[in-house]
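Q: Attaching a single structure in structure tokens format; questions to follow.
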Amino acid sequence: MHHLYPRRARYVIGGALWLAASGTASAQDAPATVTTQNAPLPIDALPAETKAVPSGTTPASPYPSEAAGRGPKIGPLFYLIRHAEDWRFLASPKAKRDRFSALKYIPLSEDGDTFLTLSGDQRSRFNFSSRPGLNDATDRHEFMLRTAVGADLHIGPALRLYGQIQSAQIFGRNESPHIAIQQNDLIVQELFAEVQVPVADGKARIMLGRQEFFDGPRFIISPRENPNIRVSMNGARVSMDWDRFRFTAVHFTPTEQGIGTFDDGTANGERLTGINASAVVTDQPIGGLKSTVFFDPFFFHFEGSARTLARLSGSERRETYGARLWGHVGRVDFDWTGMKQDGRFGTRRVNAWAASSNQSIALSSGPRAARIGFHADYASGGGNYDTSGTVNSFNFLYNATIMFSDDNYVGAINLMGIAPTASVQATKKLRLGAEAGFYWRPNERDAVYRGNSQPYVGTQSVDGKQVATIYRGNAAWAIDPHVTIVGQVNYVEAGHVLRSAGYRDNLFFSTIMNFKS
């Protein structure tokens, strides 16, 4: 009787009491408190800074820092991707310091241009699910641990070498499978060389080697913070930044992750090639309101040598092209993306598309203003259970998998939905957020898909469009700039399609402690 309303009410109330008692909750792939990035919920560790990035904590670039293609900023000091940080500002005796500053700038030359930065991350996480996969009668209690250590060697103003190793473990009762994204004894997560040189009133950057990549629309590009081991890429990235225009071109093969010690390969059978550009539409007031608006066209070519999706299997090629318009006008933040996919899956033609919009408005002025808004999303489906004809299902590539839920209940294939959102900076150190997402499938002949692209077995054979309603609550408590406790609670109310195929409701919550140095 798990699906009856009284028990659902008990789950929601119990989750709310847990949230209040712990003072924690949040989400994970890219911080939604970054208003110019407009993800639906706070994602990683800290309430994120956007409008005022501290001088010196990012490599110098003439392009606006919030759109420079180095991923979201987490709190006042750090980035989600640690290689995006530059601590040379600590060379100044007037720079503000804390207990870890001695590790961030270690001069190796008299002029200070050659220096070493050391960094560390520790994430400890506990997850609970009352019905994992929406069909497992045994509840899940799992602990996830991830440790990362990095070193950033700057050799003069033009050259640097960056490396990071990680170790990740998972254990508990009925925990997630010990696959490579969850368990890895030791992996070289990043190891690259970067050259930066001034060119024609701008700055050029070339990065060669293994690196995390977060430059493009979040609907298809993200390193995926939610699992224990993030996605890393092997290859080349070339960027050029001017004060009002920038672009990045890449040619990558994703890392083939292992579970042992340094048993990871440089290719997993996939390739990603593409370009993401950005232009400042305006940084002048609109209607008397302070505004910044960006326009980002993009194109990505994807190849997979052995792909499986529902009943499809074989080689896959996708050309994804589209554009993103985003920024803020006064108190209104917005992020709108549309994209089209062509290509081949085996011998069949691909014709797919997706769209995402995210917008919110501050109810008052000031950094603690409450915000309300909504995100609406669409990803096409169809053809995955047919033996011929066009494949209409969207491939979300390497997107932020927690866009719709915090435990990958639904993915951006054959999905449409709308989710009202609300958030508030309750205190200087505590941010709260809530969301209610209502999701349907546009194509009744195709299945409902999880965040890992796997179908809910049997959903392709039942009628109806209603998939699920997903309630999310979150909080992020920044104890100090280095230590944060976060948590999240989700309740998935299975809709008609899932119930007809034998799936039921689920309560999920997690507590996460993040330490960064």
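In mature numbering (1 follows the signal peptide of the UniProt record, and there is no 0), the protein residues as written are -27 to -1, 1 to 490. Built from N, CA and C at the ideal position, the CB exists for glycine as well.
1. Here's the rule: buried if 16 or more other CB atoms are within 10 angstroms of the residue's CB, otherwise exposed. What is residue 295?
2. Residue 235: buried (16+ other C-beta within 10 angstroms of its C-beta) or exposed?
3. Less than 8 angstroms between C-beta atoms, sequence neighbours within five positions excluded: which residues of the same chain meet that for residue 63?
4. Report all residues from its chain with a CB closer than 7 angstroms to the CB of residue 284; omit the five preceding and five following residues, and keep chain order.
5. To which residues does DSSP link residue 274 through a beta bridge?
6. Please give the ranges of any alpha helix (DSSP H) in the segment 34 to 77, keeping only runs that are unbroken, at least 4 residues long and fully inside the region.
7. On a Cα-Cα basis, can you pick out the residue from 422, 291, 231, 224 that is closest to residue 433?
8. Does DSSP put residue 469 in a helix, a strand or coil?
9. Which residues in the same chain have their Cβ closer than 6 angstroms to the Cβ of residue 444, if we skip the five residues on either side of it in sequence?
10. In whole angstroms, what separates the C-alpha of residue 193 from that of residue 271?
11. Cβ atoms of residue 244 and residue 226: under 8 angstroms apart, would you say?
12. Examine the Cβ distances between the segment 48 to 68 and the segment 238 to 256 and report whether three or more of them are shorter than 8 angstroms.
13. Between the Cα of residue 190 and the Cα atoms of 277, 313, 486, which residue gives the shortest distance?
14. Would you kindly check if the distance between the Cβ of residue 223 and the Cβ of residue 242 is under 8 angstroms?
15. Find out if the Cβ-Cβ distance for the pair residue 354, residue 415 is shorter than 8 angstroms.
16. Just tell me which of 451, 112, 483, 96 has its CA closest to the CA of residue 103.
17. I'd like the span of the beta strand (DSSP E) that includes residue 444, first residue to last.
18. Note the first and the last residue of the continuous beta strand (DSSP E) segment covering residue 125.
19. Can you tell which of 333, 201, 188 has the C-alpha that lies nearest to the C-alpha of residue 269?
20. For the beta strand (DSSP E) that contains residue 171, what are its first and last residues?
21. So which of 210, 453, 316 has the shortest CA-CA distance to residue 363?
22. Can you tell me which of the three DSSP states residue 362 falls into?
23. Taking only the alpha-carbon atoms, compute the straight-line gap between residue 114 and residue 99 and give it to the nearest angstrom.
24. Going by DSSP, what residues sit across from residue 347 in a beta bridge?
25. Specify, as a first and last residue, the run of the beta strand (DSSP E) that residue 140 falls within.
26. Provide the residue span of the beta strand (DSSP E) that contains residue 455, from first to last.
27. Using CA atoms only, rank isn't needed, just tell me which of 116, 56, 166, 35 is closest to residue 43.
28. Checking 8 angstroms against the spacing of the C-beta atoms, do residue 205 and residue 183 come in under that value?
29. Considering only residues of the same chain and omitting the five flanking positions on each side of residue 329, which have a CB-CB separation below 6 angstroms?
30. Between the beta-carbon of residue 290 and the beta-carbon of residue 335, is there less than 8 angstroms?
31. What separation, rounded to the nearest whole angstrom, lies between the Cα atoms of residue 9 and residue 435?
32. Across the segment 83 to 90 and the segment 473 to 481, are there enough close Cβ pairs to call them in contact, namely three or more that are closer than 8 angstroms?
33. Which residue wins for smallest C-alpha separation from residue 129, given the options 122, 121, 61?
34. Which residues share a DSSP beta bridge with residue 253?
35. Leaving out five residues on either side along the sequence, give the residues of the same chain with a beta carbon under 6 angstroms from the beta carbon of residue 173.
36. Indicate the three-state DSSP secondary structure (helix, strand or coil) for residue 13 in the structure shown.
A: For this structure:
1. Walking along the sequence shown from the start, residue 295 turns up at place 322. Buried: at least 16 other Cβ atoms inside 10 Å.
2. Position 262 of the sequence shown, counted from the first residue, corresponds to residue 235. Classification of residue 235: exposed, given that the 10 Å Cβ count is below 16.
3. Along the sequence shown, one-based indexing puts residue 63 at 90. Hits under 8 angstroms: 29, 70, 74, 77, 78.
4. Residue numbering aside, residue 284 sits at position 311 when the sequence shown is read from its first letter. Contacts found: 357, 358.
5. Indexing the sequence shown from 1 puts residue 274 at position 301. Residue 274 is bridged to 246, 292.
6. 74 to 77
7. On the sequence shown, position 460 is the one that residue 433 refers to. The residue with the shortest Cα to Cα distance from residue 433 is 422.
8. Taking the first residue of the sequence shown as 1, we reach residue 469 at position 496. If DSSP states are grouped into helix, strand and coil, residue 469 belongs with the helices.
9. Reading the sequence shown from its first residue, position 471 is the one you call residue 444. Cβ within range, chain order: 409, 464.
10. Against the sequence shown, residue 193 aligns to sequence position 220. Against the sequence shown, residue 271 aligns to sequence position 298. Whole-angstrom Cα-Cα distance: 11 angstroms.
11. Locating residue 226 in the sequence shown gives position 253, counting from the first residue. Locating residue 244 in the sequence shown gives position 271, counting from the first residue. Cβ distance < 8 angstroms, so residue 226 and residue 244 count as in contact.
12. Flag = no, the segment 48 to 68 and the segment 238 to 256 do not touch.
13. Position 217 of the sequence shown, counting from 1, holds the residue named residue 190. When each option's Cα is compared against that of residue 190, the closest is 313.
14. Looking up residue 242 in the sequence shown gives position 269. Looking up residue 223 in the sequence shown gives position 250. Taking 8 angstroms as the Cβ cut-off, residue 242 and residue 223 do not qualify as a contacting pair.
15. The residue given as residue 354 occupies position 381 in the sequence shown. The residue given as residue 415 occupies position 442 in the sequence shown. Their beta carbons are under 8 angstroms apart, which means residue 354 touches residue 415 by this criterion.
16. Along the sequence shown, one-based indexing puts residue 103 at 130. Comparing Cα-Cα distances from residue 103 to each of 451, 112, 483, 96, the minimum goes to 112.
17. The count along the sequence shown starts at 1 and reaches residue 444 at position 471. Segment 439 to 451, the beta strand (DSSP E) holding residue 444.
18. Here residue 125 refers to the residue found at position 152 when the sequence shown is read from its first residue. 113 to 128 is the span of the beta strand (DSSP E), which, as asked, contains residue 125.
19. The residue given as residue 269 occupies position 296 in the sequence shown. Nearest option by C-alpha distance: 188.
20. Position 198 of the sequence shown, counted from the first residue, corresponds to residue 171. Unbroken beta strand (DSSP E) run through residue 171: 157 to 172.
21. Translated into positions along the sequence shown, residue 363 becomes position 390. Out of 210, 453, 316, 316 has the C-alpha closest to the C-alpha of residue 363.
22. Along the sequence shown, one-based indexing puts residue 362 at 389. It is coil, neither helix nor strand.
23. Numbered from 1 along the sequence shown, position 141 holds the residue referred to as residue 114. Numbered from 1 along the sequence shown, position 126 holds the residue referred to as residue 99. Those two C-alpha atoms are separated by around 7 angstroms.
24. The sequence position of residue 347 within the sequence shown is 374, counting from 1. In DSSP, residue 347 forms a bridge with 332, 393.
25. Your numbering for residue 140 matches position 167 in the sequence shown. Note, residue 140: beta strand (DSSP E), 132 to 146.
26. Residue 455 sits at position 482 when you count from the first residue of the sequence shown. That residue, residue 455, is in no beta strand (DSSP E); it is neither H nor E in DSSP.
27. Residue 43 sits at position 70 when you count from the first residue of the sequence shown. The option with the nearest alpha carbon to residue 43 is 56.
28. Counting from one through the sequence shown, the residue named residue 205 turns up at place 232. Counting from one through the sequence shown, the residue named residue 183 turns up at place 210. Yes, the Cβ-Cβ distance between residue 205 and residue 183 is below 8 angstroms.
29. For the purposes of this step, residue 329 is taken as residue 356 along the sequence shown, with counting starting at 1. For residue 329, where only same-chain residues beyond five positions count, the Cβ hits under 6 angstroms are 192, 310, 350.
30. For the purposes of this step, residue 290 is taken as the residue at position 317 of the sequence shown. For the purposes of this step, residue 335 is taken as the residue at position 362 of the sequence shown. No, the pair does not count as a contact, with Cβ atoms beyond the cut-off.
31. Counting from 1 along the sequence shown, the entry for residue 9 is found at position 36. Counting from 1 along the sequence shown, the entry for residue 435 is found at position 462. Below a pLDDT of 50, predicted positions are generally treated as unreliable, and residue 9, at 33, falls in that range; no measurement from the model is reported.
32. The segment 83 to 90 and the segment 473 to 481 do not touch, with fewer than 3 CB-CB distances between them shorter than 8 angstroms.
33. Counting from 1 along the sequence shown, the entry for residue 129 is found at position 156. For the residues 122, 121, 61, the minimum Cα distance to residue 129 belongs to 61.
34. As a working mapping, residue 253 is identified with position 280 in the sequence shown. For residue 253, which the question treats as bridged, DSSP gives the partners 267.
35. The residue given as residue 173 occupies position 200 in the sequence shown. Counting only Cβ-Cβ distances below 6 angstroms, and skipping sequence neighbours, we find nothing.
36. Within the sequence shown, the letter at position 40 stands for residue 13. Confidence is the limiting factor: at residue 13 the pLDDT is only 32, short of 50, which leaves the residue's position unreliable, though a coordinate-based value still follows. Residue 13 falls in the coil class under three-state DSSP.
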